[in-house]
């Protein structure tokens, strides 16, 4: 049986850590690019979204491979995208056959199938910046160019979302029961909860 010497083991572990870091960076880059194309700007690469938000995979894969060939982690394939989806903290995209779509976050008009869940969590969460919170305190959560306000099922996910925009996000707690009784409708798409707006009286800061 062969055992690695301590020095060789350290080198091996360092190489594996670097490989994992490169992979994480690639996945983040791919996910951001998919969001840009599938939520907002499909025409930038000459593709069209159907009424339900689906686009053909092939031109997207071609564009990804042209844009990110410098990452040096091999060819980006359908299987790569499936792995990106599985590795994400949230279910952002869906692949059906040779088509792909974003499940939420569109600034374009698409018809994503959403359910109005019979059972809702007592609380939902939203991560935001200190600057945005100054307005939210008086205006509430407004969709602002998107189709819906996005809400997370737990504090950890909301924190991850907030950290995309600021180092120290503010986490907001939504009183779901009171909001629903006041006529706010909540939807669910993937593992994300959505609403058209959340008035300030149903929002508290953690």
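Numbering (our numbering), first residue to last: 12 to 217.
Note that beta-carbon positions come from the ideal geometry of N, C-alpha and C, so glycine has one too.
Computed from a predicted structure; not experimentally measured.
Candidates the options: closest to residue i by CA position
{"i": "residue 90", "options": "77, 81, 69", "result": "69"}
{"i": "residue 159", "options": "205, 167, 185", "result": "205"}
{"i": "residue 167", "options": "217, 85, 200", "result": "217"}
{"i": "residue 4", "options": "64, 163, 44, 61", "result": "Residue 4 is absent from the model: the chain starts at 12 and stops at 217."}
{"i": "residue 72", "options": "63, 88, 62, 53", "result": "88"}
{"i": "residue 61", "options": "113, 35, 93, 101", "result": "113"}
{"i": "residue 42", "options": "102, 128, 169", "result": "102"}
{"i": "residue 67", "options": "94, 35, 105", "result": "105"}
{"i": "residue 214", "options": "177, 137, 178, 176", "result": "137"}
{"i": "residue 92", "options": "46, 155, 149", "result": "46"}
{"i": "residue 147", "options": "170, 99, 81, 185", "result": "185"}
{"i": "residue 130", "options": "196, 50, 115", "result": "196"}
{"i": "residue 117", "options": "157, 171, 181", "result": "157"}
{"i": "residue 65", "options": "200, 107, 172, 125", "result": "107"}
{"i": "residue 126", "options": "51, 200, 50", "result": "200"}
Distance, residue j Cα to residue i Cα
{"i": "residue 188", "j": "residue 75", "result": "43 Å"}
{"i": "residue 58", "j": "residue 48", "result": "9 Å"}
{"i": "residue 211", "j": "residue 77", "result": "45 Å"}
{"i": "residue 198", "j": "residue 152", "result": "15 Å"}
{"i": "residue 110", "j": "residue 207", "result": "28 Å"}
{"i": "residue 38", "j": "residue 191", "result": "37 Å"}
{"i": "residue 242", "j": "residue 140", "result": "Any answer about residue 242 is impossible in this case: the structure gives the chain only from 12 up to 217."}
{"i": "residue 203", "j": "residue 164", "result": "7 Å"}
{"i": "residue 144", "j": "residue 174", "result": "14 Å"}
{"i": "residue 97", "j": "residue 63", "result": "22 Å"}
{"i": "residue 132", "j": "residue 183", "result": "15 Å"}
{"i": "residue 193", "j": "residue 177", "result": "32 Å"}
{"i": "residue 149", "j": "residue 179", "result": "21 Å"}
{"i": "residue 115", "j": "residue 122", "result": "10 Å"}
{"i": "residue 119", "j": "residue 52", "result": "8 Å"}
{"i": "residue 209", "j": "residue 50", "result": "22 Å"}
{"i": "residue 169", "j": "residue 134", "result": "12 Å"}
{"i": "residue 35", "j": "residue 81", "result": "15 Å"}
Cross-strand partners of residue i (DSSP beta bridge)
{"i": "residue 214", "result": "185"}
{"i": "residue 168", "result": "Beta-bridge pairing links residue 168 to no other residue."}
{"i": "residue 138", "result": "182"}
{"i": "residue 203", "result": "200"}
{"i": "residue 161", "result": "205"}
{"i": "residue 153", "result": "208"}
{"i": "residue 66", "result": "111"}
Closer than 8 Å to chain D by CB, residue i
{"i": "residue 203", "result": "Here chain D cannot be found, since the structure has a single protein chain."}
Report the start-end ranges of each beta strand (DSSP E) in the stretch 92–131 that is 3 residues or longer and not cut off at the edges.
104–107, 110–113
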